[in-house]
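Residue numbers (the working numbering), protein chains in the order written: chain A, 15 to 127; chain B, 164 to 277. Here is the structure we will look at, set down as structure tokens.
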Amino acid sequence: EPEVTQTPSHQVTQMGQEVILRCVPISNHLYFYWYRQILGQKVEFLVSFYNNEISEKSEIFDDQFSVERPDGSNFTLKIRSTKLEDSAMYFCASSGLVYNEQFFGPGTRLTVL
Amino acid sequence: AQSVTQLDSQVPVFEEAPVELRCNYSSSVSVYLFWYVQYPNQGLQLLLKYLSGSTLVKGINGFEAEFNKSQTSFHLRKPSVHISDTAEYFCAVSSNFGNEKLTFGTGTRLTIIP
């Protein structure tokens, strides 16, 4: 069964450093999403991406964040200068042209020290 | 914009007893509704979804939910729970335009008491 994969599973970084979280969506999917979950809190939408551009972004997704689909398979989330409050689990998701559901990856736990 | 309310942050239930996890939503447009489960230190797994059609939807692991448009609810039920059902359960909503963002509730932690 096809699945969304994410790397790394856990990333530890120093405050102010740049991080790139990587996702490989399901191969024939066209819509891609990033969500985050701060420990003990609900899952929050960050950004959606379609046809090589951002479809929608939340207030959380400020200028420190960017997304990219550098090739036909990867979908990345970059945080330019990490803050302590960026520590969270980051989930990637994808969905197909005919909307049925969003398929979530296992997440990357980002710890900012 | 949509919002989701899960009033019960924690629900303890004895093993083999029935359970209902409540979810209410708010939206100015028609919606799709979802329940996701998150086991400790794991990602999100879809339990079930309502897109259209029958208001009673059945999902994996014996769970079902009923969409009630007049009460704007989508409560999750299981007639007999097992220890393995211990997890966090999230209700989520999106507009029915397709491929829209999901808005999640704050989650309900289901604890099964042996």
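Virtual Cβ for every residue (Gly too), placed ideally from N, Cα, C.
With respect to the C-alpha of Ser95 (chain A), the residue from A:Ile34, A:Pro84, A:Asp85 and A:Ile40 having the closest C-alpha is A:Ile34.
Beta-bridge pairing by DSSP links Val174 (chain B) to B:Leu273.
Tyr195 (chain B) and Asn187 (chain B) have their C-alpha atoms spaced approximately 13 Å apart. With respect to Val167 (chain B), Leu273 (chain B) sits apart: the two C-beta atoms are not nearer than 8 Å. The residue among B:Leu184, B:Gln208 and B:Tyr213 with its C-alpha nearest the C-alpha of Ser258 (chain B) is B:Tyr213. Within 10 angstroms of the beta-carbon of Leu53 (chain A) lie fewer than 16 other beta-carbons, which makes it exposed.
With respect to the 8 Å criterion, Lys92 (chain A) and Met29 (chain A) are not classified as neighbours on the basis of their beta carbons. Beta-bridge partners assigned by DSSP to Leu124 (chain A): A:Gln25 and A:Ala102.
Interface residue (Cβ-Cβ distance to chain B less than 8 Å): Gly30 (chain A) is not classified as such.
With fewer than 16 other CB atoms across the displayed protein chains lying within 10 angstroms of its CB, Pro175 (chain B) is exposed. Contact of Phe197 (chain B) with chain A by beta-carbon distance below 9 Å involves Glu115 and Gln116.
Spanning the alpha carbons of Val61 (chain A) and Glu73 (chain A) requires a straight line of approximately 10 Å. Nearest CB-CB separation between Gly216 (chain B) and chain A: not below the 8 Å threshold. With its beta carbon at least 8 Å from every one in chain A, Asn187 (chain B) lies outside the interface. Here Val112 (chain A) is exposed: its Cβ has fewer than 16 other Cβ atoms, across all protein chains shown, within 10 Å.
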